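Each remark here refers to the structure printed beneath this line.
Written as C-alpha cells, this is what we have:
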C-alpha cells in the first residue's frame, strides 16, 4: 500500500480481520478499493440470516455494471459459501460468518471473501450438499479459492467486470 | 436494517394423471425443509408423474438441487417420475451449469410436462 499514495486505508476493523485471514485472502483485501461501494459485514452463522446476506449482495452487485448472469452468480456463490459456514463450521457453539465484497484496485474486477472461525470437516463420502455447494462455487465464479485450517474456513470468489 | 428471512410458498394440485407442485419464493438452507415437505406432499398424491413448477422461484441453491435429486431417485425406484417445469432464470442457471438437465427430466412448461 505505501507504493500508492492515493490509496484509502481500510477501516481498522477491516484491517484486523484481514490480518486474521490466510495470506492469499489478506492480499485480496489489501488489493481492493474500499473508496468504492463495498460490503463488510458479520452475521450470526444461522440459516435464517443467509437471506439477509443475499439481499445485501444483491443490492451491491446491482451497482457494479456486472451482467445479469454475473449478478445472479455472485449471489448464488456467496449463498453457497455462507450456507457452508452455517451448516458445518459451528456444530456445537454459536459463531459468525464475515462477508467482504469490493472492487479490485484496478477497477476491472470484483472480489468477495466469506470467512468463518469454525471447524473444517472433510466432505463426507456421500457427495451431498457440501460437495455440491463447493462444486457450485467453482462453476459460477471466475475465481474460487478455499482454505481451511484450525482458524476456520476462508473462501475467495471473483468476477471480471464486462469490458 | 430490515429482516430478510427467506420465504417459500407451495401448493399441490392433484390431477388424474399427474400432480403439480407449484413452488414460489426462495429455496435455500432456511427453507429446505419446506421444499422437502412440498415435494413429499406431491409424492403422497400417488400420481405416476409429479411435476414441480419452479416458475416463481426467485432463488435456488444447491440445497434445492439436492432435494430434487433425492425425490427423483425415490420416484424412479417406485416406477414413477418427477418432472421439472417452468424454470425461472436462477433455476435454469443452476441446472445448466451443473449439467443436471441430463439427469432430471426438464420441460419448458407444465403443459409439455403433462403431455409428453
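Residue numbers (the working numbering), protein chains in the order written: chain A, 1399 to 1561; chain L, 13 to 128.
All C-beta atoms in this analysis are idealised placements derived from N, C-alpha and C, irrespective of residue type, glycine included.
For clarity, every value in this text was computed on a predicted model and none was experimentally measured.
Which whole-angstrom value is the C-beta distance of residue i and residue j, which I expect to be below 8 angstroms?
| i | j | result |
| --- | --- | --- |
| residue 113 of chain L | residue 106 of chain L | In fact, because the Cβ distance is near 10 angstroms, the residues do not count as touching under 8 angstroms. |
| residue 1502 of chain A | residue 1508 of chain A | 7 angstroms |
| residue 1499 of chain A | residue 1447 of chain A | Not confirmed; about 16 angstroms, so no contact. |
| residue 2 of chain L | residue 61 of chain L | Any question about residue 2 of chain L goes unanswered here, given that chain L covers just 13 to 128. |
| residue 30 of chain L | residue 63 of chain L | 6 angstroms |
| residue 24 of chain L | residue 54 of chain L | 5 angstroms |
| residue 1413 of chain A | residue 77 of chain L | Not really, about 38 angstroms apart at Cβ, beyond 8 angstroms. |
| residue 20 of chain L | residue 39 of chain L | 6 angstroms |
| residue 1441 of chain A | residue 1450 of chain A | 7 angstroms |
If you follow the alpha helix (DSSP H) that residue i is part of, which residue opens it and which one closes it?
| i | result |
| --- | --- |
| residue 1442 of chain A | Premise fails: residue 1442 of chain A lies in the beta strand (DSSP E), 1437 to 1442, not in any alpha helix (DSSP H). |
| residue 1512 of chain A | Here residue 1512 of chain A belongs to no alpha helix (DSSP H); instead the beta strand (DSSP E) covers 1507 to 1514. |
| residue 26 of chain L | Where residue 26 of chain L is concerned, there is no enclosing alpha helix (DSSP H), although the beta strand (DSSP E) it sits in stretches over 20 to 26. |
| residue 105 of chain L | 101 to 110 |
| residue 1449 of chain A | 1445 to 1459 |
Determine the closest residue to residue i out of the options, with distance taken between C-alpha atoms.
| i | options | result |
| --- | --- | --- |
| residue 1361 of chain A | A/1461, A/1542, A/1559, A/1554 | This structure gives no information on residue 1361 of chain A, because the portion of chain A shown stretches from 1399 to 1561. |
| residue 1549 of chain A | A/1533, A/1488, A/1479, A/1541 | A/1488 |
| residue 1551 of chain A | A/1447, A/1501, A/1418, A/1505 | A/1418 |
| residue 45 of chain L | L/125, L/66, L/18, L/57 | L/18 |
| residue 1486 of chain A | A/1430, A/1516, A/1433 | A/1516 |
| residue 34 of chain L | L/80, L/70, L/65 | L/65 |
| residue 1536 of chain A | A/1424, A/1471, A/1460, A/1442 | A/1471 |
| residue 1506 of chain A | A/1412, A/1415, A/1558, A/1426 | A/1558 |
| residue 1445 of chain A | A/1540, A/1494, A/1560, A/1461 | A/1494 |
| residue 103 of chain L | L/84, L/90, L/85, L/120 | L/120 |
Need the endpoints of the beta strand (DSSP E) that residue i sits in, please.
| i | result |
| --- | --- |
| residue 72 of chain L | 61 to 72 |
| residue 1496 of chain A | 1494 to 1502 |
| residue 57 of chain L | Neither: residue 57 of chain L is in no beta strand (DSSP E) and is coded neither H nor E. |
| residue 38 of chain L | 30 to 39 |
| residue 97 of chain L | 93 to 97 |
I want to verify the contact list: residues of chain A whose CB lies under 9 angstroms from the CB of residue i, in sequence order.
| i | result |
| --- | --- |
| residue 110 of chain L | 1530, 1533, 1534, 1537 |
| residue 101 of chain L | 1466, 1467, 1470 |
| residue 128 of chain L | The premise fails here: residue 128 of chain L is roughly 28 angstroms from chain A at the closest Cβ pair, so nothing lies under 9 angstroms. |
Determine the chain L residues that contact residue i at a beta-carbon separation under 7 angstroms, and present them in chain order.
| i | result |
| --- | --- |
| residue 1461 of chain A | Chain L residues near residue 1461 of chain A: none, gap ~17 angstroms exceeds 7 angstroms. |
| residue 1452 of chain A | 71 |
query = Mind listing which residues of the region 1422 to 1450 of chain A have their C-beta closer than 7 angstroms to chain L's C-betas, in chain order?
reply = The residues in question are 1445, 1446, 1448, 1449, 1450.
message = At a CB distance below 8 angstroms, what residues from the region 46 to 76 of chain L approach chain A? Give them in sequence order.
response = Under the 8 angstroms Cβ criterion, the region 46 to 76 of chain L contributes 71, 73, 74, 75.
ask   = Using a Cβ cut-off of 7 angstroms, which residues of the region 1474 to 1485 of chain A contact any Cβ in chain L, in chain order?
value = Against chain L - using a Cβ distance shorter than 7 angstroms - the residues of the region 1474 to 1485 of chain A are 1474, 1477, 1478, 1481, 1484, 1485.
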